[in-house]
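Report on one structure; see the data block that follows.
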Amino acid sequence: MTPPMSSPGLARLRYEKLFIGGEWVAPDDGELVESLDPSTGRPWATVPFGGPRDMDRAVAAASAAFCGPWRRLSVYERAAMLRNFANVYKTHAERLAQLESRDNGRPIRETRPDIAAHSEWYHYFAGMVDKIDGRAIPVDPTMHVYTTRVPIGVVGAIVPWNAPLLLTAWKVAPALAAGCTLVIKPSENTSVTALELARISEEARLPPGVMNVVPGYGTTAGARLVSHPDVNKISFTGEVRTAQEIMRTAAGTLKRLTFENGGKSPHIIFADADLDQALNAAAHAAFMATGQSCALGSRLLVESSIYQRVVEELGRRAQRIVVGAPLDERTQMGPHATAQQLEKTLRYVQIGREEGARLVVGGHVPSPGRRLDPEGSGGYYVEPTVFADVKPSMRIAQEEIFGPVCSIIPFANEEQAVTIANDSRYGLTAALWTQNVGRAHRVAAQIEAGTVWVNTYRYLRWNIPYGGFKLSGLGRENGPEALESYLQDRATIMNLTGIYPDAYPF
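Below you can see the structure in the form of structure tokens.
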């Protein structure tokens, strides 16, 4: 039975069934779990968690769909289904934005424009479906040799809690375009929108089993998805240690892997930059999504001659950010998504103090009177935090905090800026501000990161590849590069003569 479409205005939502093989089914070896509202710390929804046997059911359904109706569709039919999915998704964008804000605490002013654009990812990859072609390979006149690119098969998509719907789109859109089927395992902290996505796939009439949604714990449902012999690829976004464990487990079946594992992005401001614009970007890059972004501009590298001015101005801008309940239209920064993440951020604030960095502003849990919080208590709130006089070797400059903590580091010249920027085990994104075109190209070419922004920040699009160097990940999402990781090449060699000489004549 299809569950009713939920309304974010309800005091409490309840989901009881997983989405497997086009049907809503009760967990076999799972349970019902309460999901906590980050703005209050109290339950706001009940969601079903699946166990290993439920994951087996989902993989079986995805395998049957891959070998059955989904594979038999023409490329035009598959593209049309993906476009229809995009159109249906767009009609639910406002409701999905409100649900995601309640689920992970991100302000509605951020989730609304973000989710309104998600349908563009599905439309883009729908347009790629009939561009998947092979090539003819010239050899000799007796042979006809050609390649075809075929879908990898069943994909396990493991999605984090910080931007669940966006990062799900990054996996689902290219997988479906390639002709794969999916089992989606959302974060145990933000499973509501994944279940709503399943409802949208049903409304869009995707064939049964093409998209399956099984929330659950990483140690049980997630581990089974990774180890399952019939899963051909895992696409994972999350912590690097989890990615390393997935890689070890996936070695047994030689699964294809795509990882996006976070970052510690350098955000470089040279003295010749348009400082007002650079500060606009620096504040947004450091504090958006309560700092819970892999692309966070958490290391602000500033040329010495403008260093004190930037420290003072960023501190002033941080202090004026309005912290409050996610669904309040006035809120500019919401709570952390979980109590654990709040504790982690506060622990790193203490580490920064102990290391000798200068706390400019923030670093505390704001009192109820200093935030827009109608409940007046609870919630995982923290102030936007700025540290100055940070040394590149400090833990707050090296380790991913995943909170609204900006570490400002001075540099003397271009060479030193590049050295500090690359002094990290991560290499996801970076940015620089300068009005010198030569410098922009020189520095960008030396930065060890998968994305380098110049005079802008966090410009993401469906057709621009996104992924990391070093420990920030494997492979790319978005753009044609993403599609490649869901395909494999087959070479067909055809003998045009029909003659095969006897190698062992009498």
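Numbering of the sequence shown is given in the working numbering, commencing with residue 1 and proceeding in unit increments.
Glycine residues also receive a C-beta, built at the ideal position from the N, C-alpha and C atoms.
Just so you know, these numbers come straight off a predicted model, no measurement behind them.
Check	Outcome
Neighbourhood of Ala-45 by C-beta, 6 Å cutoff - its chain only, sequence neighbours within 5 removed	Leu-13, Ser-35 and Val-192
Other residues of its chain near Tyr-217: CB distance less than 7 Å, five sequence neighbours each side excluded	Phe-49 and Glu-188
Per-residue burial, His-267 [other beta carbons within 10 Å of its own, 16 or more giving buried]	buried
Beta strand (DSSP E) runs wholly inside the stretch 3-85, at least 3 long, in chain order	18-20, 23-25, 31-36 and 43-49
Cα-Cα separation between Val-386 and Gly-291, rounded to whole angstroms	12 Å
Three-pair Cβ contact test at 8 Å for the stretch 447-458 versus the stretch 270-284	yes
At least 3 beta-carbon pairs within less than 8 Å: the stretch 404-422 vs the stretch 294-306	yes
Any 3 or more C-beta pairs closer than 8 Å across the stretch 478-493 and the stretch 139-150	yes
Option in Gly-297, Tyr-124 and Ser-485 with minimal Cα separation from Ala-421	Gly-297
Selection from Leu-432, Asn-261 and Gln-332 that minimises the alpha carbon distance to Glu-399	Asn-261
Cβ-based neighbour list, Ala-97, same chain, cut-off 7 Å, excluding 5 preceding and 5 following	Ile-108, Thr-111, Arg-112 and Ile-115
Residues bridged to Ala-431 [DSSP beta-bridge criterion]	His-267 and Trp-453
Among Arg-353, Arg-370 and Gly-127, nearest to Ala-363 - alpha-carbon criterion	The displayed chain sequence assigns Gly, not Ala, to residue 363. For the residues Arg-353, Arg-370 and Gly-127, the minimum Cα distance to Gly-363 belongs to Arg-353.
C-alpha distance - Arg-316 paired with Leu-346, whole-angstrom precision	21 Å
Contact set for Glu-120: own chain, Cβ-Cβ below 6 Å, skip 5 residues either direction	Trp-462
Endpoints, the alpha helix (DSSP H) within which Asp-489 is located	Careful: Asp-489 lies outside any alpha helix (DSSP H), inside the beta strand (DSSP E) at 487-495.
Nearest to Lys-90 (by Cα), restricted to the options Ala-204, Ile-137 and Thr-451	Ala-204
Per DSSP, the bridge partner or partners of Tyr-466	Glu-477
Nearest-angstrom Cα separation, counted from Gln-350 out to Met-128	49 Å
Nearest residue (CA-CA) to Ile-396, options Asp-373, Ser-424 and Arg-371	Ser-424
C-beta contact flag for Lys-233 and Ile-152 at 8 Å	yes
Whether Leu-166 touches Ala-126 by CB criterion (8 Å)	no
Identity of the residue in Leu-99, His-123, Ala-194 and Thr-181 nearest Phe-66 by Cα	Thr-181
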